[in-house]
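Structure first, then comments.
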Amino acid sequence: GSVLCLAAAGDLLLSGGRDNTIRVWDTDTLACRRTLQGHKHDVLSLATLGIAPNLCSGQPPPAAQGSRVPFLFASASADGSARLWCSRDWVCFHVFTPASSAVNGMRPPRMNTSLLGHNP
(Lines of atoms letter the chains of each structure in order from A and count residues from 1; the text may use other names and numbers.)
(Lines give C-alpha, C1' and ligand atoms only; values in the text may rest on other atoms or scores of the structure.)
Protein backbone atom coordinates (compact mmCIF):
# COMPACT_ATOMS: atom_id res chain seq x y z
CA GLY A 1 0.00 0.00 0.00
CA SER A 2 0.88 3.65 -0.26
CA VAL A 3 3.02 5.29 2.42
CA LEU A 4 1.21 8.19 4.12
CA CYS A 5 3.62 9.14 6.92
CA LEU A 6 7.17 8.66 8.18
CA ALA A 7 9.03 9.10 11.47
CA ALA A 8 12.75 8.68 12.14
CA ALA A 9 14.09 6.93 15.23
CA GLY A 10 17.88 6.61 15.19
CA ASP A 11 18.84 4.05 12.55
CA LEU A 12 15.20 3.02 12.10
CA LEU A 13 12.49 4.56 9.98
CA LEU A 14 8.80 4.05 10.73
CA SER A 15 6.26 4.23 7.92
CA GLY A 16 2.48 4.20 8.06
CA GLY A 17 0.19 3.61 5.15
CA ARG A 18 -3.03 2.69 3.46
CA ASP A 19 -2.62 -0.98 4.39
CA ASN A 20 -3.43 -0.07 8.06
CA THR A 21 0.06 -1.08 9.22
CA ILE A 22 3.23 0.48 10.57
CA ARG A 23 6.45 -0.83 9.10
CA VAL A 24 9.84 -0.59 10.81
CA TRP A 25 12.72 -0.14 8.36
CA ASP A 26 16.45 -0.50 8.98
CA THR A 27 18.10 2.53 7.36
CA ASP A 28 21.43 0.70 6.98
CA THR A 29 20.11 -2.31 5.06
CA LEU A 30 16.82 -0.78 3.78
CA ALA A 31 15.09 -3.97 4.96
CA CYS A 32 11.70 -4.07 6.62
CA ARG A 33 12.33 -5.46 10.11
CA ARG A 34 8.74 -5.58 11.39
CA THR A 35 5.16 -4.95 10.42
CA LEU A 36 2.90 -3.74 13.22
CA GLN A 37 -0.86 -4.18 13.07
CA GLY A 38 -3.73 -2.77 15.09
CA HIS A 39 -5.34 0.11 13.24
CA LYS A 40 -8.53 -0.58 11.30
CA HIS A 41 -7.91 2.09 8.65
CA ASP A 42 -5.11 4.15 7.06
CA VAL A 43 -2.23 5.15 9.36
CA LEU A 44 -2.09 8.92 8.83
CA SER A 45 0.55 10.12 11.29
CA LEU A 46 3.50 8.89 13.34
CA ALA A 47 5.47 10.63 16.08
CA THR A 48 8.47 9.46 18.08
CA LEU A 49 8.21 10.46 21.73
CA GLY A 50 11.67 9.79 23.11
CA ILE A 51 13.52 7.01 24.87
CA ALA A 52 11.76 4.83 27.42
CA PRO A 53 14.31 2.53 29.05
CA ASN A 54 12.04 1.38 31.89
CA LEU A 55 8.51 2.29 30.84
CA CYS A 56 7.38 -0.73 28.86
CA SER A 57 8.61 -3.59 31.01
CA GLY A 58 9.86 -1.99 34.21
CA GLN A 59 13.29 -3.45 33.48
CA PRO A 60 16.38 -1.58 32.30
CA PRO A 61 17.32 -2.05 28.64
CA PRO A 62 19.50 -5.02 27.72
CA ALA A 63 23.24 -4.42 27.99
CA ALA A 64 24.13 -6.59 24.99
CA GLN A 65 26.36 -5.05 22.37
CA GLY A 66 24.36 -3.44 19.60
CA SER A 67 21.08 -3.42 21.51
CA ARG A 68 18.90 -0.33 21.23
CA VAL A 69 17.43 1.70 24.04
CA PRO A 70 13.65 1.33 23.75
CA PHE A 71 11.71 4.34 22.54
CA LEU A 72 8.06 5.33 22.54
CA PHE A 73 6.11 6.29 19.47
CA ALA A 74 2.52 7.07 18.62
CA SER A 75 0.42 6.36 15.56
CA ALA A 76 -2.83 7.96 14.45
CA SER A 77 -5.39 6.60 12.05
CA ALA A 78 -8.38 7.36 9.88
CA ASP A 79 -10.26 4.96 12.19
CA GLY A 80 -10.32 7.74 14.83
CA SER A 81 -7.79 6.12 17.15
CA ALA A 82 -4.26 6.82 18.26
CA ARG A 83 -1.99 4.15 19.68
CA LEU A 84 1.08 4.27 21.90
CA TRP A 85 3.82 1.76 21.18
CA CYS A 86 7.15 0.75 22.72
CA SER A 87 10.03 -0.50 20.63
CA ARG A 88 11.15 -2.93 23.36
CA ASP A 89 8.67 -5.57 22.26
CA TRP A 90 6.91 -3.70 19.42
CA VAL A 91 3.44 -3.95 20.94
CA CYS A 92 0.79 -1.31 21.43
CA PHE A 93 0.32 -0.63 25.13
CA HIS A 94 -2.45 1.99 25.01
CA VAL A 95 -5.22 2.95 22.59
CA PHE A 96 -6.88 6.37 22.60
CA THR A 97 -10.24 6.69 20.87
CA PRO A 98 -11.07 10.36 21.41
CA ALA A 99 -12.19 11.18 17.91
CA SER A 100 -15.28 10.37 15.92
CA SER A 101 -13.33 11.27 12.79
CA ALA A 102 -9.83 10.59 11.51
CA VAL A 103 -6.89 11.60 13.69
CA ASN A 104 -4.72 13.11 11.01
CA GLY A 105 -1.91 14.79 12.88
CA MET A 106 0.33 14.41 15.91
CA ARG A 107 3.40 16.03 17.37
CA PRO A 108 5.44 15.34 20.48
CA PRO A 109 3.62 17.11 23.33
CA ARG A 110 4.91 20.17 25.12
CA MET A 111 4.04 20.84 28.73
CA ASN A 112 0.25 20.95 29.20
CA THR A 113 -0.58 20.27 25.55
CA SER A 114 -2.19 17.46 23.62
CA LEU A 115 -0.53 14.88 21.40
CA LEU A 116 -3.49 14.52 19.04
CA GLY A 117 -5.16 16.63 16.41
CA HIS A 118 -8.25 15.84 14.37
CA ASN A 119 -10.93 17.42 12.23
CA PRO A 120 -14.37 17.55 13.90
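In the working numbering, each residue carries its 1-based index in the sequence shown increased by 114.
Backbone N, C-alpha and C define an ideal beta-carbon position, used for all residues, glycine too.
Using the three-state DSSP reduction, which class does residue i fall into: helix, strand or coil?
{"i": "A123", "result": "strand"}
{"i": "W204", "result": "coil"}
{"i": "A145", "result": "coil"}
{"i": "S214", "result": "coil"}
{"i": "R132", "result": "coil"}
{"i": "V183", "result": "coil"}
{"i": "D140", "result": "strand"}
{"i": "A192", "result": "coil"}
{"i": "S159", "result": "strand"}
{"i": "G219", "result": "strand"}
{"i": "G115", "result": "coil"}
{"i": "G152", "result": "coil"}
From residue i to residue j, what distance separates their C-alpha atoms?
{"i": "R202", "j": "T141", "result": "18 Å"}
{"i": "S159", "j": "T149", "result": "16 Å"}
{"i": "V209", "j": "L126", "result": "23 Å"}
{"i": "D133", "j": "K154", "result": "9 Å"}
{"i": "Q151", "j": "I136", "result": "7 Å"}
{"i": "A161", "j": "F187", "result": "6 Å"}
Classify residue i: buried if its beta carbon has 16 or more other beta carbons within 10 angstroms, exposed otherwise.
{"i": "V138", "result": "buried"}
{"i": "G236", "result": "No information on residue 236 is available, as it lies outside the stretch 115 to 234 that the chain covers here."}
{"i": "R197", "result": "buried"}
{"i": "S214", "result": "exposed"}
{"i": "S189", "result": "buried"}
{"i": "C146", "result": "exposed"}
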